[in-house]
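Input: a single structure, listed below in structure tokens.
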Amino acid sequence: MHKYSDALSSISNKASLFETDQEMDGFLKEAISPLMEQSGASLGAIFGYDESTRELVLRAGYDSGDYWDSMRCGKNKMPLRFALDDSELGRAFRDDSVRIISYKEEDKSPFRTKILIPVVRGPEKLGVLMLAHQSPGAFSREDTADLRKAASLLGDMLAEATAFIVPAEKGASVPVPRSRVIRGLKASAGIAQGTALPVWSDIDSVADTIASSGSVDGEMELFEKALELSSSQLEKIQKSTSFTDTEMISLIFTAQLYMLKDNSFLEKMRKGIRDGRSAAASVREVIQSYADRFASMSEARLAEKAQDVRDLGYRILSNMARPDKAGFSYNDKIVLSRHIYPSDLFRLAVEGVAGVVLRGAGVTAHISILARSLSVPVLITDDKSLLNVPEGLPLLLDATSGKLYIRPDDKIRAAILDKEKRKLRTQGSYILKGHLSDGEPVSVHANINILKDAEDAKREGAEGIGLYRSEFPFILKNDFLSEEQQYRLYRSIVESQSGKPVTLRTADIGGDKLLQGRSEAESNPFLGVRGIRFSLANREMFHDQLRAMLRAGAGADLGIMFPMVSGVEELLQAREELEFCMKQLEERGDPFNARPRVGAMVELPSAAMAAGELAEYSDFLSIGSNDLTMYLLAVDRTNENLSHLYRSHHPTVLKVLASIMEEAGDKADQISVCGDIASDPLLVPVLVGMGIRKLSVAPSRVDAVKQRLMQFSLNEVEDISREILSIKRLDEMDRYMKSLQERYPLA
Ligand code: PEP
Ligand code: MG
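Quick note: the sequence shown uses our numbering, first residue 50, plus one each step.
Below, the structure is given as structure tokens:
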């Protein structure tokens, strides 16, 4: 009865499978061919609508003869384009009506009948299906009705499976994203639903979208409204109670709020409007001139302010572009960007962004670490088609599996969201203290990066804070913090733990965590002034930090730990500085912790070799396996191209861990692990078998690690670590790890 739609239904199940352009083209051809067969047409084609040029563009066609060439699109594969307003094809699309065109002999057309059927999905127009026949009157009225049904079925398949036609970026030569899935690498796991917000668009392109009212009064009103909206948004963010890093929020947003209160800055914009410029042009001009002025400053920290100015300009203009809504918001947006600064990421998280996709950028370890703390899923991709994803397109980001779904269909959405739901742990199932199945205690602490983590750690049942990466506020501010600012931050962390031990690490600046204007350019920053070297080279900053830590730890179980220590000399120098700061505080009469536990990170091969010596001069040691792996294997932990070589279960790495324990002798019980391996379910038993009794992991992993510990007895972990240490080769280790997983499957 419905011959065309029946023919088409037979291929409908294939629509959700294709992920590449070729597969998509293949699918389209497969869709056309049964329609041509049923109708006896000699040529079939599908055109998609390109909003940016208001044209219909040939997407795929099927040619039973050489008509294609006669249509000038075969040889050089130039897409055929038809303008919306002056072509039959365009009219069929525009008016959403089926058009049948008959040709006479004398028309010299290879066809006698052509039918044009709009491809729609609900109210959304996607393109036009064309069938051309050599016989006159080839399509009956019944055919027409059925072809419409078939076209709307095709529309459903296309829209669910892919972004069928997406407007090309102006001047872009990359193809429109037709694939349903864009693949990439996870920088921070998680699932996010939302609509696309490409931020390749700079303030210029936002300004271009703003229509001018044509009158000075109208423009002034538009400007003042946008200004008001921007101020109230920034004030709301500052007062945000849902985000606990109030100190960081004020560090990051205050500069912008000040600018919004700076009359001479605003007056310049108003003057531009009074002089007859549109509100958008005037804002753009003033923002640009301020940003340029900052950018040209030789003091790098001031140059950095250019970004703040541009950011504010972007906010004002975006609010202008949406005057009738609640204003611009990152809520439920998946931001697509080329590059992101830690402060941008923080800003986006505070403003409720759903996820971030970065195109091609190498991501610093700290962006990933911060994104995880902020619970923002982040994906990095090389896929050029990302550049053409337009604003507002529905997206589903599954950063955990390294996929970005464009216009996900309900099936995919349900499957992914369900997977995520199943992973959510039922609340209230904590084990208070970590232990093995036979009761042997192994304490599980938390690694934290921002204040919010400290609360998560407590909620997740961490037995204390094993590592606070204190460089984060510095990186977010891109500058040093005053003693007072640091004190307030550290005190909040200490207080959040209600008496549990808190270990604050002094700033690990350097490597990939540079402060513009404070860090020297180095050709090998990972081998340069990093961690304790940076602190010892910037004594004042080091003293500010140590005093802030000592004061924050008054009356608490405080640990102070030094990063990137290469040997006992650096540890002793750092201890001297600590003593000096205690004396200063005594003189000042400020309350402080006079007996903090003092420790060093073991994350350099030289420190690993000197673990015994380091243990003698410290109260505890913490193994930073992330860096230790990098320096032992000479594999940059931030280089995605080398990720296959970055193996923390490499026999050499595990052998070095065992030797650290041996070197430490009777102080081995003071050694913890705070690198990522501490939460690796396959390595947890290995570490405990080596004698480690304290693990420090991300707050979200605390409970899982405690559960994992309970799967092993002391005898079992000791056997495992003995077996592991007899393995010399990586392939053998891989096999062993696989067998371990089979013997002790994850709960
Ligand atoms: C490590 O290197 O293992 C570590 C915990 O420190 P970070 O990841 O901050 O360098
Ligand atoms: Mg480290």
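Quick reminder that beta carbons are idealized off the backbone N, C-alpha and C, glycines included.
The structure displayed is predicted, hence computed values, not measured ones.
Worksheet item: Counting only runs that start and end within the region 305-393, where is the beta strand (DSSP E) found for 3 or more residues in a row?
Response: 382-386
Worksheet item: With a Cβ-Cβ cutoff of 8 Å, do glutamate 489 and leucine 763 count as a contact?
Response: yes
Worksheet entry | Same chain, Cβ closer than 8 Å to proline 794, neighbours up to 5 away in sequence not counted | none
Worksheet entry | Rounded Cβ spacing between proline 443 and glycine 239 (contact assumed at less than 8 Å) | Wrong, their Cβ atoms sit about 18 Å apart, outside the cutoff.
Practice prompt. Within the region 130-172, note down every full beta strand (DSSP E) run reaching 3 residues or more, in order along the chain.
Written response: 130-132, 148-151 and 162-170
Worksheet item: Would the beta-carbon of glycine 9 be found less than 7 Å away from any heavy atom of the ligand PEP?
Response: With the chain covering only 50 through 796, there is no way to say anything about residue 9.
Worksheet item: Taking 7 Å as the line, does the beta carbon of proline 612 fall inside it for any heavy atom of the ligand MG?
Response: yes
Fill in: Cutoff 8 Å; reference valine 705; Cβ partners in own chain excluding five residues on either side
Pro654, Ala657, Leu677 and Leu681
Practice prompt. With a threshold of 16 other CB atoms inside 10 Å of the CB of leucine 481, please say whether the residue is buried or exposed.
Written response: exposed
Fill in: 6 Å Cβ shell around arginine 757 - same chain, five flanking residues per side excluded
Pro730 and Val733
Practice prompt. May I ask whether a heavy atom of the ligand MG can be found less than 7 Å away from the beta carbon of aspartate 561?
Written response: no
Discussion item. Could you compute how far the alpha carbon of isoleucine 231 sits from the alpha carbon of lysine 382?
Written reply: 17 Å
Discussion item. Can you give me the C-alpha to C-alpha distance between isoleucine 81 and isoleucine 95, rounded to a whole angstrom?
Written reply: 8 Å
Worksheet item: Is it the case that the Cβ atoms of glycine 648 and serine 667 are separated by a distance below 8 Å?
Response: yes
Fill in: Classification of tyrosine 307 by the beta-carbon crowding that lies within 10 angstroms, buried from 16 upward
exposed
Worksheet entry | Coil, strand or helix - glutamate 652 by DSSP | coil
Discussion item. I'd like the span of the beta strand (DSSP E) that includes proline 700, first residue to last.
Written reply: No beta strand (DSSP E) contains proline 700, which is instead part of the alpha helix (DSSP H) from 700-713.
Worksheet entry | Among Ile298, Arg686, Val177 and Lys157, nearest to glycine 110 - alpha-carbon criterion | Val177
Worksheet item: Can serine 327 and leucine 309 be called in contact, C-beta distance under 8 Å?
Response: no
Worksheet item: In three-state terms, what does DSSP make of valine 225?
Response: The predicted position of valine 225 is uncertain, since its pLDDT is 39 and thus under 50; no value can be drawn from it.
Worksheet entry | With 16 other Cβ atoms within 10 Å as the buried cut-off, status of arginine 190 | exposed
Fill in: Simplified DSSP state of valine 215, which is helix, strand or coil
Because valine 215 carries a pLDDT of 34, less than 50, the predicted location of this residue cannot be relied on, and the following value inherits that uncertainty. It is coil, neither helix nor strand.
Worksheet item: Roughly how many angstroms separate the alpha carbons of phenylalanine 131 and isoleucine 164, rounded to a whole number?
Response: 16 Å
Worksheet entry | Three-state class that DSSP yields for glycine 123 in the structure shown | Confidence at glycine 123 is low in this model, with a pLDDT of 43, below 50, so the placement of that residue is unreliable and no value is reported for it.
Worksheet item: Can we say the region 315-335 touches the region 543-561, given the rule of at least three CB pairs closer than 8 Å?
Response: no
Worksheet item: Assuming serine 728 contacts valine 746 under a Cβ cut-off of 8 Å, what Cβ separation, rounded to an integer in Å, is found between them?
Response: 4 Å
Worksheet entry | Same chain only: Cβ atoms within 7 Å of glutamate 662, ignoring 5 sequence neighbours per side | Val617
Practice prompt. Can you give me the start and stop residues for the beta strand (DSSP E) that aspartate 447 sits inside?
Written response: 443-447
Worksheet entry | Check: aspartate 715 C-beta below 7 Å from any heavy atom of the ligand PEP | no
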